[in-house]
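Have a look at the structure below before the remarks.
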Amino acid sequence: MSARGRVSSLLPDFPWDTIASVKAKAAAHPGGIVDLSVGTPVDPVDPLIRAALGSVAEVPGYPTTHGTLELRTAAVDALKRRFGITGIDPAAVLPVIGTKELIAGLPRLLGLGGGDLVVIPEVAYPTYEVGALLAGTQVARADGLTQLGPRSPALIYVNSPSNPTGRVLGVDHLRKVVAYARERGAIVASDECYLGLTWDGRAVSILDHEVCDGDHTGLLAIHSLSKTSNLASYRAGFVAGDPALVAELLEVRKHSGMMVPFPIQAAMTAALGDDTHEAQQRERYRARREVLRNALLTAGFRIDHSEAGLYLWSTRGEPCRSTLDWLADRGILAAPGDFYGPTGAEHVRITLTATDERIAAAVRRLTAI
Ligand SMILES: Cc1ncc(COP(=O)(O)O)c(C=O)c1O
Numbered sequence: 009m010s011a012r013g014r015v016s017s018l019l020p021d022f023p024w025d026t027i028a029s030v031k032a033k034a035a036a037h038p039g040g041i042v043d044l045s046v047g048t049p050v051d052p053v054d055p056l057i058r059a060a061l062g063s064v065a066e067v068p069g070y071p072t073t074h075g076t077l078e079l080r081t082a083a084v085d086a087l088k089r090r091f092g093i094t095g096i097d098p099a100a101v102l103p104v105i106g107t108k109e110l111i112a113g114l115p116r117l118l119g120l121g122g123g124d125l126v127v128i129p130e131v132a133y134p135t136y137e138v139g140a141l142l143a144g145t146q147v148a149r150a151d152g153l154t155q156l157g158p159r160s161p162a163l164i165y166v167n168s169p170s171n172p173t174g175r176v177l178g179v180d181h182l183r184k185v186v187a188y189a190r191e192r193g194a195i196v197a198s199d200e201c202y203l204g205l206t207w208d209g210r211a212v213s214i215l216d217h218e219v220c221d222g223d224h225t226g227l228l229a230i231h232s233l234s235k236t237s238n239l240a241s242y243r244a245g246f247v248a249g250d251p252a253l254v255a256e257l258l259e260v261r262k263h264s265g266m267m268v269p270f271p272i273q274a275a276m277t278a279a280l281g282d283d284t285h286e287a288q289q290r291e292r293y294r295a296r297r298e299v300l301r302n303a304l305l306t307a308g309f310r311i312d313h314s315e316a317g318l319y320l321w322s323t324r325g326e327p328c329r330s331t332l333d334w335l336a337d338r339g340i341l342a343a344p345g346d347f348y349g350p351t352g353a354e355h356v357r358i359t360l361t362a363t364d365e366r367i368a369a370a371v372r373r374l375t376a377i
């Protein structure tokens, strides 16, 4: 490499490499590994979505960066039907090639840099930090904004329901975040990819009238179809909210060719228009969660938060790498909590994204005396 330096040197080591040996141990189990480390869907894509994908497979032209009006209207309608979010114009919706790429690029796309501060949750999806580091901003981990003292952030991430903790932030908490951000001129990016996966109680969007009084200024809600519609392989998500911010993101992304492929747009339109497959998937996860949760409690784990989302944030009150070993002895692989921030060091993240057969195997192994 030239003396210019490698961009990757700005970034943390890829954390999954650090669990290779424990993965090998789990894989050596005679009954095979039960991999509960990665939140990747395992249930098939609904036929309705596959048909929509195939129906436009012959179309040769470039798609638009803004996406079709049908797609953006379907997103607006789905947000209203599923979550009661109102007041979004289809122009203020922008499809993205999976939300990970948006998050990794967001600080940069918003023009943030050296002097700016990005706030991320204390234990957080790692890509929030990656996006900030790629833009060269400072990063602070904070759940309570008073922790920040006099510093004024440029961008604040919230993630409710959370990956990895499954914690849901209430209306009051979100209102305080919005008020704090407005006082300081910060943008709030609310990652809502688990909003449709609540188990106890409800989770609200940052764009909910109860949270922002109908004013979307400075607010962005990020929605992924990966988990709720099993579309992780398609790379399908969108961002909605402040019309001026969405227009700015669109402008920059147009120049950079950040277009969602046209057949994926058609698939997304179908997925957003149908609540049946989404409800079925939620019930699959609910059943898996119930048996896995009971088995973990029987095995002596404590489960914190986890009232929503696809993870059981679990602890045996010991360093997470010891828990990882204990699970690997039983052929089960989890993600260590320290992947998500220093305060996760005594937790492991156990996903619900495995087949019924693999979840049953995990339950047998956890409850064997
Ligand atoms: C909190 C959170 N945000 C964003 C993503 C990215 O999802 P995708 O890129 O599949 O839309 C994930 C994926 O696991 C996630 O957990």
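Quick note: the sequence shown uses our numbering, first residue 9, plus one each step. The beta-carbon is built from N, C-alpha and C at its ideal position, and this holds for glycine as well. This one's a predicted model, so the numbers in the text were calculated from it and none came from an experiment.
*Coarse secondary structure for THR351, derived from DSSP in three states*: In the sequence shown, counting from the first residue as 1, residue 351 sits at position 343. Helix, per DSSP.
*Which one of PHE246, CYS328, ASN238 has the shortest CA to CA distance from VAL104?*
In the sequence shown, counting from the first residue as 1, residue 104 sits at position 96. Nearest of PHE246, CYS328, ASN238 to VAL104, Cα basis: PHE246.
*Straight-line Cα distance separating ILE195 from ASN167*: Counted from its first residue, the sequence shown places residue 167 at position 159. Counted from its first residue, the sequence shown places residue 195 at position 187. The alpha-carbon atoms of ASN167 and ILE195 are separated by roughly 14 Å.
*Any idea which residues DSSP pairs PHE270 with across the strands?*
For this step, residue 270 is matched to residue 262 along the sequence shown. In the DSSP output, where bridge partners are listed per residue, PHE270 has none listed.
_Beta bridge counterpart(s) of TRP24 as assigned by DSSP_ = Position 16 of the sequence shown, counting from 1, holds the residue named residue 24. According to DSSP, which records beta bridges pairwise, TRP24 is partnered with nothing at all.
*What are the start and end residues of each continuous alpha helix (DSSP H) run of 4 or more residues lying completely inside the segment 187-265, in chain order?*
Every unbroken stretch of the alpha helix (DSSP H) spanning 4 or more residues and falling wholly within the segment 187-265 is given here in chain order: 217-220, 251-264.
*Using 10 angstroms around the beta-carbon of LYS262, count the other beta-carbons present and answer buried if the total reaches 16, otherwise exposed.*
On the sequence shown, position 254 is the one that residue 262 refers to. So LYS262 ends up on the exposed side.
_So, at 8 Å on beta carbons, what are the nonlocal neighbours of PRO52 in its own chain, with the 5 sequence-adjacent residues on each side left out?_
Mapped onto the sequence shown, residue 52 falls at position 44. Hits under 8 Å: ASN238.
_Residue ranges of each alpha helix (DSSP H) within the segment 22-57, 4 or longer_ = 28-35
*asked:* Give me the DSSP bridge partner(s) of TRP334.
replied: Position 326 of the sequence shown, counted from the start, is the residue given in the question as residue 334. According to DSSP, TRP334 bridges with nothing at all.
*If you drop the 5 nearest sequence neighbours on each side, which residues of the same chain put their C-beta closer than 6 Å to that of ARG296?*
Here the question's residue 296 lines up with position 288 in the sequence shown. Excluding five sequence positions before and after ARG296, the CB atoms of its chain that fall closer than 6 Å to its own CB belong to LEU360, ILE367, given in chain order.
*State the start and end residues of the unbroken alpha helix (DSSP H) segment that holds ILE111.*
One-based indexing of the sequence shown puts residue 111 at position 103. The continuous alpha helix (DSSP H) containing ILE111 extends over residues 107-117.
*Sorry if obvious, but does the Cβ on LYS184 come closer than 8 Å to a heavy atom of ligand 1?*
Here residue 184 corresponds to residue number 176 of the sequence shown, with the count starting at 1. Every heavy atom of ligand 1 is 8 Å or more from the Cβ of LYS184, so no.
*How is PRO344 classed by DSSP in three states: helix, strand or coil?*
As a working note, residue 344 is residue 336 in the sequence shown. Looking at PRO344 - three-state DSSP - the assignment turns out to be strand.
_Member of GLU365, LEU257, LYS235 whose CA lies at the smallest distance from the CA of GLU286_ = Mapped onto the sequence shown, residue 286 falls at position 278. Of the listed residues, the one whose Cα sits closest to GLU286 is LYS235.
*Within this structure, are the beta carbons of HIS355 and VAL176 separated by less than 9 Å?*
Numbered from 1 along the sequence shown, position 347 holds the residue referred to as residue 355. Numbered from 1 along the sequence shown, position 168 holds the residue referred to as residue 176. Cβ atoms of HIS355 and VAL176: not closer than 9 Å.
_Looking at the secondary structure, which residues open and close the alpha helix (DSSP H) in which ILE367 lies?_
As a first step, residue 367 is located in the sequence shown; it is residue number 359 there, counting from the start. 364-375 is the span of the alpha helix (DSSP H), which, as asked, contains ILE367.
*Any idea what DSSP makes of ARG149, helix, strand or coil?*
Taking the sequence shown and counting its residues from 1, one reaches residue 149 at position 141. If DSSP states are grouped into helix, strand and coil, ARG149 belongs with the strands.
*Which whole-angstrom value describes the C-beta separation of ILE41 and GLY339, a residue pair presumed to lie in contact below a C-beta threshold of 8 Å?*
Here residue 41 refers to the residue found at position 33 of the sequence shown. Here residue 339 refers to the residue found at position 331 of the sequence shown. Indeed they touch by this definition, with Cβ atoms about 6 Å apart.
*Leaving aside the five residues before and after PRO327 along the sequence, list all residues of the same chain whose C-beta is less than 7 Å from its C-beta, in chain order.*
By one-based count along the sequence shown, residue 327 stands at place 319. The residues are ALA353, GLU354.
_ARG372 to LEU300 span [Cα, whole Å]_ = Start at 1 with the first residue of the sequence shown, and residue 372 comes out as number 364. Start at 1 with the first residue of the sequence shown, and residue 300 comes out as number 292. So the two alpha carbons sit approximately 10 Å from each other.
_For ARG14, count the other beta carbons within 10 Å of its own beta carbon; 16 or more makes it buried, fewer makes it exposed. Which is it?_
The residue you call residue 14 lines up with position 6 of the sequence shown. Per the 10 Å Cβ criterion, exposed.
*Helix or strand or just coil, what does DSSP make of ALA83?*
The sequence position of residue 83 within the sequence shown is 75, counting from 1. Here ALA83 sits in helix by DSSP.
*Per DSSP, what kind of secondary structure is VAL179 in: helix, strand or coil?*
Counted from its first residue, the sequence shown places residue 179 at position 171. In the structure shown, VAL179 sits in a helix (DSSP, three-state: H, G or I).
*What residue range is occupied by the uninterrupted beta strand (DSSP E) comprising THR359?*
Within the sequence shown, numbered from 1, the residue matching residue 359 stands at position 351. Unbroken beta strand (DSSP E) run through THR359: 356-359.
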